[in-house]
Each structure stands twice: as C-alpha cells, then as structure tokens.
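One structure is given here, and the rest of the page talks about it.
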Amino acid sequence: MLPISFANLSTSLQYIDLSESNVMGNIPYDIGNLSSLIALFLGTNQLGGPIPTSMGSLQNLQALNLKENRLQGHIPNELCQLQNLAFLLIGVNQLSGSIPSCLGNLATSLRSLYLGSNFLISTIPSTLWGLAYLLHIDLSSNSLTGPLPEDVGTLKVVIDIDLSHNRLSGGLPSSIGVLKDLVTLALENNNLEGSIPSSFGNLLSLELLDLSKNNPSGVIPKSLERLLHLNYLNLSYNRLEGEIPAGGPFKNFSSESFVSNGVLCGESRLHVPSCKNSSVKPPSTKASRSILKFIIPGILSVILLVASLLVLITRRKKNVNVAMETTLLSQPLWRKISYLQLRSATDGFNVGNLLGTGGFGSVYKGTLDGIDVAI
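The sequence shown: position 45 = 700 (the working numbering), numbered continuously.
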C-alpha cells in the first residue's frame, strides 16, 4: 500500500492511472494544480476522505474515475464546473447527501454518470433528464425517492438506465418507449406501480428488462413480443395478472421471470394455470360422431323446409304463367333422401361446401342427380 501524493508532479501531466494499485489515504487537495490533466483514474483502491473541491480547477478533465473506494462526504458542486467532463464514475463509495442539480450544466459533454452504491438521498434532480448526450446512467443502490417523470424520455441516445434498489415511487413513464437505443432498463426493487406501458414494445434494441420487486399491476403488454433482442426479463414479485404472452422472446423465458405475481395464466411450462380463453382443441372422432347426431336432424329439417318452399313457389308460378310453355323434366319436387346420399352429395359435409349456419343447423351446397341443391 502506497500513500498518494501529487505534490511533485508536473502541471503538464495529462493522464494518471493508478487503478487497482492498493493506493490508500485521502486524495490530496493539491491535485487541483494539475491543470493539464485530461484523465484521472483512481478506481478500485482504498482511498478515503472527501472528494477535493479543488478538482473544479481541472478544466481540461474529460474522465474522472474514483469508483470502488471509501470516499465520504457530499458530491462537491465544483465538479459541475468541469465543462469537458464526459465520464464521471464515483460509484461504490460512501458518499452521502443529494445529487447536485448543477450536474445538468454538463449537458453537452457528459456521456456516463455512475453514482451507484452510495448513500445518496432525496429525489433525482430534474436537470439530469436534460443531459441530452448521456449514454449510461447508473444511480442504483442508493436511497433515492420520488417519482420517475415523463422527462426520462428526453434522454434520446441513452443505452443503459439503472435506477434499481432505491425507493422510487409512482408510475412507469410511457415516454421511456421512445428511447430507441435503450439496451438495459433496470428498475427492480423500488415502489413503482401502475401498469406496464404498452409503449415499452417500441424498445426494439432492449436486451434486459427488470421490473421485479415493485408494485405494477394489470396485464403484461402483448406488445413486448416485438422485443426480439430481449434475452433477460424479470417481472417477478409484482401484482401482474392475465395471460403471459407466448410469442417473440417469451418462448425463451422460464417461470422464474414471472414468480410471485397475481393471477397469471399461460403455458404449463411456466408453472401457471392455462388461460380460460385459450383456443379450443379440435374435437375427437367420438366427439364428432356425437355432434353429428344433433347436426343431421337439423339438416333434414332444413331440407324439408326448402322442399316445401319450392313446391309453393312452383305452384304460384304455374298459376301466374298458365300460358308459359315449359320443358321441365318430370321429377318429383322432393323425395326421401338417405344420410349416405347426403354425405355423398356434400363430399362428406366438406367445409368447402358450407353455405352458412342458422337456427336449424348448417346448410351445405350439394349435387343430387346432377342438380345443385341446398342441404
């Protein structure tokens, strides 16, 4: 373990990388004298004490990595003066207080913001949603409260959002659905509620979605079947109900994605009951025979009715057109027809010959003695 000191370093120094070097002690205040510094990597060490406010003098600094140390105190507002800062990684420390709202001043430069696994409190500043070029935001494992606003949707180019393990409340913003480049959305272990927006089905780049251990209710949107790149889904320990979608990526998920919810239904492999409105299986041969016992009398009733109507119509035509010459073949208007003849005439009651259904049963088109008839 080596104590850290920058007292004798040149002010023209641009890069310092002491990551994973067992460096201990506090970050010295005179680090602010390294005015040419572009990148400072002190992550994964045993540094303690506060983040020096003198870092606000490092106007050329583009990358600051202090993660995985034992730093304490508040996040200094002076970091908001670093107008060229693209990477601010200070997660996994013991920092407390609130997130400085002035970080919104870095709207044109900041690409990655990692403040996870600290002791930060209060709400997420609304100014963070104005970081138009932010690619990665990790505020996980803190004690942040309040709702997620619709302004989340203004992070147009964001790739990863991790706000898990906090105390966030309110609904899930539907505006998240406009984040076309989003790959990771981790919101587990909060107090979020309401329905899962169907707009989440527009997140076509999404690979990870974790909403577990919250309070959302309602159904799982069928629109999520469009997320063909989704390879991790966790909706467990919520109050969801209804049918679990079966298409798209859902065919690859196990029951672990849906455990401890309301009344979910779906495929048996997911260890949930089948849905009541699931499609009915085709009847067996025995069932078909039983059904025919009821269909055949209905068909015969229709035949008798049609034959009677034909008799009445023919008689009326003869009375009106007495002088009309006819060349009709002498045939009986109706006769007894066996079931085998009916079956043959309709090609085994082929559905292709079905004309329609009514109160008396189904009507088929058939051919008897070369004449088309309704059966």
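Here a beta-carbon is modelled for each residue, glycine too, at the ideal position from N, C-alpha and C.
6 Å CB neighbourhood of residue i in its chain, flanking five on each side removed
i, result
"THR981", "Interpretation of THR981 is limited by its pLDDT of 38, a score under 50 that renders its predicted location unreliable; no figure is taken from the coordinates."
"ASN777", "Here the sequence assigns Ser to residue 777, which means Asn is not the residue at that position. Once the five neighbours on either side are set aside, the close Cβ partners of SER777 are SER753."
"VAL874", "GLY897"
"TYR769", "LEU744, GLY746, ASP793"
"ASN773", "ASN748, LEU750, ASN797"
"PRO928", "CYS920"
"LEU786", "ALA762, LEU765"
"LYS931", "none"
"SER854", "SER829, GLY832"
"LEU713", "LEU692"
"SER867", "GLU843, ASN889, SER891, TYR892"
"HIS729", "GLY752"
"TYR684", "PRO707, SER709"
"LEU673", "LEU697"
"SER878", "SER853, GLY856"
The beta strand (DSSP E) enclosing residue i, as first and last residue numbers
i, result
"LEU743", "742-744"
"MET679", "678-681"
"LEU702", "701-704"
"ARG725", "725-728"
"ARG822", "822-826"
"SER751", "749-752"
"ILE792", "791-793"
"GLY1031", "In this structure the chain extends from 656 to 1030, so residue 1031 is not present and cannot be described."
"ASP806", "No beta strand (DSSP E) contains ASP806, which DSSP labels as neither H nor E."
"TYR769", "767-769"
"PRO871", "870-873"
"PHE855", "Neither: PHE855 is in no beta strand (DSSP E) and is coded neither H nor E."
"MET802", "Before going on, a small fix: residue 802 reads as Pro here, not Met. Per DSSP, PRO802 belongs to the beta strand (DSSP E) from 798-802."
"SER777", "774-778"
"ASN886", "No beta strand (DSSP E) contains ASN886, which DSSP labels as neither H nor E."
"ILE693", "ILE693 -> no beta strand (DSSP E), and no H or E assigned at all."
"ILE816", "815-817"
"LEU716", "Here LEU716 belongs to no beta strand (DSSP E), and DSSP marks it neither H nor E."
"LEU863", "863-865"
"LEU879", "Counting along the chain, LEU879 falls outside any beta strand (DSSP E), and DSSP gives it neither H nor E."
Cβ-based neighbour list, residue i, same chain, cut-off 8 Å, excluding 5 preceding and 5 following
i, result
"ASN886", "GLU862, LEU863, PRO904, ASN907"
"LEU790", "ARG766, SER767, VAL812, VAL813, ILE814, ASP815"
"PRO804", "SER781, TRP784, PRO828"
"ILE899", "ILE875, PHE905, PHE913, LEU919, CYS920, GLY921, GLU922, LEU925, VAL927"
"PRO802", "LEU823, SER824, GLY825, GLY826"
"GLU848", "SER824, GLY825, GLY826, ASN869, ASN870, PRO871, SER872"
"GLY771", "GLY746, VAL747, ASP793, LEU794, SER795, SER796, ASN797, ASP817"
8 Å Cβ cutoff, residue i in contact with chain B
i, result
"GLY808", "Included in the structure is just one protein chain, with no chain B present."
CB-CB length for residue i against residue j, believed under 8 Å
i, j, result
"LEU882", "ASP865", "Not a contact, Cβ separation roughly 13 Å."
"HIS820", "SER795", "5 Å"
"PRO876", "ASN893", "Not a contact, Cβ separation roughly 13 Å."
"ASN797", "LEU775", "4 Å"
"ASN720", "ASN739", "At roughly 15 Å, the Cβ-Cβ gap does not stay under 8 Å, so ASN720 and ASN739 are not in contact."
"LEU697", "GLN669", "With 8 Å as the limit, LEU697 and GLN669 do not qualify as a contact, their Cβ atoms being about 15 Å apart."
"GLY825", "LEU858", "Not quite, the Cβ-Cβ distance comes to about 20 Å (not below 8 Å), so this is no contact."
"ILE671", "LEU695", "5 Å"
"LEU890", "GLY917", "At roughly 11 Å, the Cβ-Cβ gap does not stay under 8 Å, so LEU890 and GLY917 are not in contact."
"PRO705", "LEU726", "7 Å"
Local Cβ density within 10 Å of residue i, reported as buried at 16 or more and exposed below that
i, result
"SER923", "exposed"
"VAL619", "Residue 619 lies beyond the range of the chain shown here (656 to 1030); nothing can be said about it."
"SER939", "The pLDDT assigned to SER939 is 47, lower than 50, so where the model puts this residue is not dependable; a value taken from the coordinates is nonetheless given after this. Per the 10 Å Cβ criterion, exposed."
"LYS835", "exposed"
"SER665", "exposed"
"ASP817", "buried"
"SER1069", "Summary: the structure shown does not reach residue 1069, with the chain confined to residues 656 through 1030, and so no result is reported for it."
"ALA901", "exposed"
"GLU723", "buried"
"SER690", "exposed"
"SER667", "exposed"
"GLY1021", "buried"
"ASN700", "buried"
"ASN663", "exposed"
"ALA718", "buried"
"GLU675", "exposed"
Beta-carbon contacts of residue i that lie in its chain and below 7 Å, excluding the five residues immediately before and after
i, result
"ILE686", "PHE661, PRO707, SER709, MET710"
"GLY1025", "none"
"CYS757", "ASN732, CYS735"
"ASN846", "ARG822, LEU823, SER824, ASN869, ASN870"
"SER850", "PRO871, SER872, GLY873"
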